[in-house]
DNA sequence: CTGGGCTGACTGACTGTTCAGTCTATGAGC
DNA sequence: GCTCATAGACTGAACAGTCAGTCAGCCCAG
């Protein structure tokens with residue numbers, strides 16, 4: 005039994021396939037307008053099979069939410085791992101949250117956050133999960149700061165407190181960007197976030213001259 | 005024709021009644037789980053009447069969203085009008101967004117924001133409205149700051165820029181509070197927001213010893 | 001008697017879920 | 001190597017519940 009039975013492997017692939025499809029669909033149409041038949045169509049199977057795997061529409065969608073959230077944080081983890089310098093790391097985080105379509109990942113994934121919040125607000129199970137994931141996010145930020153302190157890039161500050169504030173600011177900014185508020189374009193959101201970090205943590209930062217888009 | 009016909013008055017009352025009921029229901033159960041029969045029941049009418057007034061479920065819910073948003077901003081306007089001092093005014097705004105159940109108003113109205121964002125993300129009509137309302141919110145903040153400068157409570161700063169950042173921070177904090185993140189309780193959110201304002205605008209502020217709840 | 005607020009009863013469409021059964025791969029027994 | 005039983009992935013078709021929206025007509029003020 006060292007090796008999983010083939011069937012189990014296939015089953016796992018199917019599950020993930022369905023979760024990914026569901027996440028994508030939620031992002032596109034919204035939680036409430038995602039039908040299991042859509043998911044089925046996208047993975048080339050019958051609606052019955054989706055139920056076969058998840059038992060319930062609600063289970064599928066809820067797990068899909070979790071799935072995409074975890075995917076996001078894993079990506080953030082990786083990016084941080086390959087970036088040593090404090091400021092670059094912060095820039096990465098800001099970029100990840102406030103600039104559209106970073107790459108690969110789920111397109112329109114912002115829509116997903118809105119639905120996640122909405123679900124979390126009303127369903128304790130989802131709420132609990134979200135709290136945990138968000139704690140992970142804040143811990144990542146705090147760790148970045150602590151590393152910066154340790155490497156003497158900045159002076160000592162309360163990393164946790166910064167993480168809470170910074171995370172909130174990023175959430176708020178990403179909302180404006182996601183909803184295409186003309187007053188808060190990605191560039192400006194980026195600047196605001198980085199300036200906040202620079203002021204609070206005490207490092208120099210000025211907007212690098214990125215070409216503004218066409 | 006100086007006076008509206010009685011029937012028209014009744015009709016208007018009915019409309020508002022329905023909008024209020026719809027807003028409340030959306031806050032409670034969520035946009036997607038609000039049935040027109042629920043709204044009808046709450047105003048003591050038949051579902052058919054609701055359709056009679058709004059033509060479509062979607063119209064009703066969308067207008068309800070707008071309705072409650074406007075109600076919120078009007079309340080903020082009033083509160084500001086009766087508060088002269090800069091710091092008190094900022095405290096009012098923070099309180100309004102980050103502390104649960106301020107009073108009266110729609111209970112659980114946070115859930116409403118999530119749905120509003122979700123709808124705005126996918127429906128251009130709603131998106132446009134939201135942008136406008138949010139601009140109004142930022143203008144309010146900026147005006148508070150400008151008043152403060154004018155009354156020499158603080159030195160000159162870029163009021164618009166502050167407004168954008170502060171509004172985003174408040175949004176982000178209110179999410180955490182709404183979702184009952186144990187790490188970000190209302191008190192802490194309040195402190196973070198006010199400290200940010202104090203630092204950025206350059207005034208002294210320390211948390212007044214409010215009794216923590218029971 | 002007219003018009004508009006209002007309703008009960010209905011319908012048509014949609015869709016999550018069930019179920020009986022098909023198909024395929026695997027593996028034991030001969 | 002062949003057969004046959006078994007299990008599990010998978011499906012088509014039907015079911016059942018839910019609702020938005022329609023419609024013919026009631027009721028009542030003016």
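Chains as they are written, first to last, in this note's numbering: chain A, 5 to 218; chain B, 5 to 218. Don't be surprised by glycine CBs; every beta carbon is placed ideally from N, CA and C.
Select from the region 171–187 of chain B all residues with a C-beta closer than 9 Å to any C-beta belonging to chain A, and list them in chain order.
171, 172, 173, 174, 175, 176, 177, 178, 179, 180, 182, 183, 184, 185, 186, 187
Establish whether the CB of residue 159 of chain B and some CB of chain A are separated by less than 9 Å.
no
DSSP three-state label for residue 7 of chain A, please.
Annotation note: pLDDT 42 at residue 7 of chain A (below 50); position unreliable, coordinate value reported separately. Residue state, collapsed to three classes: coil.
State yes or no: is the C-beta of residue 173 of chain A within less than 9 Å of the C-beta of residue 173 of chain B?
yes
Hey, could you find the ends of the alpha helix (DSSP H) residue 59 of chain B is sitting in?
Neither: residue 59 of chain B is in no alpha helix (DSSP H) and is coded neither H nor E.
For residue 209 of chain B and chain A, any beta-carbon pair shorter than 9 Å?
no
Identify whether residue 17 of chain B lies in helix, strand or coil by the three-state DSSP scheme.
helix
Sequence ranges, beta strand (DSSP E) only - wholly within the region 22–110 of chain A, length at least 3:
none
Taking DSSP as the reference, what is the three-state secondary structure of residue 218 of chain A?
Any reading at residue 218 of chain A needs caution, since the residue's pLDDT is 45, under 50, leaving its predicted position unreliable; the model's value is listed next. Note: residue 218 of chain A maps to coil in three-state DSSP.
For residue 175 of chain B, count neighbouring Cβ atoms within 10 angstroms of its own Cβ and tell me buried if that reaches 16, exposed if not.
buried
Spatial neighbours of residue 96 of chain B within its chain, please: CB distance less than 7 Å, with the 5 preceding and 5 following residues excluded, ordered by chain position.
83, 84, 87
Residue 138 of chain B, DSSP secondary structure in three states:
helix
If distances are taken between C-alpha atoms only, which option among A:145, A:184, A:135, A:19 comes closest to residue 53 of chain A?
A:19
Just checking, does the region 154–165 of chain B make contact with the region 189–199 of chain B on the three C-beta pairs under 8 Å criterion?
no
Check whether the region 63–76 of chain B and the region 144–157 of chain A touch, using three or more Cβ-Cβ pairs below 8 Å as the test.
no
May I ask you to verify whether the region 116–134 of chain A touches the region 30–40 of chain A, counting CB pairs closer than 8 Å and requiring at least 3?
yes
Rounded Cβ spacing between residue 208 of chain A and residue 201 of chain A (contact assumed at less than 8 Å):
The pair is not a contact, with the Cβ atoms about 11 Å apart (cut-off 8 Å).
Would you tell me roughly how many angstroms separate the C-alpha atoms of residue 196 of chain A and residue 169 of chain B, rounded to the nearest one?
7 Å
Using 10 angstroms around the beta-carbon of residue 73 of chain A, count the other beta-carbons present and answer buried if the total reaches 16, otherwise exposed.
buried
Beta-carbon proximity check, residue 64 of chain B vs residue 57 of chain B, cutoff 9 Å
yes
Looking only at its own chain, which residues have a Cβ that is under 7 Å from the Cβ of residue 50 of chain B, when we skip the five neighbours before and after it?
44
List, in chain order, every chain B residue whose beta-carbon is nearer than 8 Å to that of residue 149 of chain A.
By Cβ distance, chain B contributes nothing, its closest Cβ being about 16 Å from residue 149 of chain A, past 8 Å.
Within 10 Å of its beta-carbon, does residue 38 of chain B have 16 or more other beta-carbons around it, so buried, or fewer, so exposed?
buried
Measuring only from the beta carbon, is residue 15 of chain A closer than 8 Å to any heavy atom that is part of the ligand FAD?
Absence of the ligand FAD from the depicted structure is noted, as is the absence of any ligand whatsoever, leaving it without description.
Going along chain B in order, which residues have a C-beta closer than 7 Å to the C-beta of residue 134 of chain A?
183
According to a CB-to-CB cut-off of less than 9 Å, which residues of the region 35–54 of chain A neighbour chain B?
35, 36, 37
How far does the alpha helix (DSSP H) with residue 118 of chain A in it reach, from first residue to last?
113–126
Counting only C-beta atoms, is residue 89 of chain B closer than 9 Å to chain A at any point?
no
Own chain, CB closer than 7 Å to residue 34 of chain B, minus 5 neighbours either side, in chain order:
115, 119
Evaluate residue 212 of chain A with the Cβ neighbour count: other Cβ atoms within 10 Å of its Cβ, from every protein chain shown; 16 or more gives buried, anything less gives exposed.
exposed
Where residue 196 of chain B sits in the DSSP three-state scheme:
helix
With 9 Å set as the bound, which would you pick, yes or no: does the beta-carbon of residue 122 of chain B sit closer than that to a beta-carbon of chain A?
yes
Using a C-beta cutoff of 9 Å, does residue 118 of chain A count as contacting chain B?
yes
Can you list the residues of chain B that residue 126 of chain A reaches, using a CB-CB cut of under 7 Å?
34, 115
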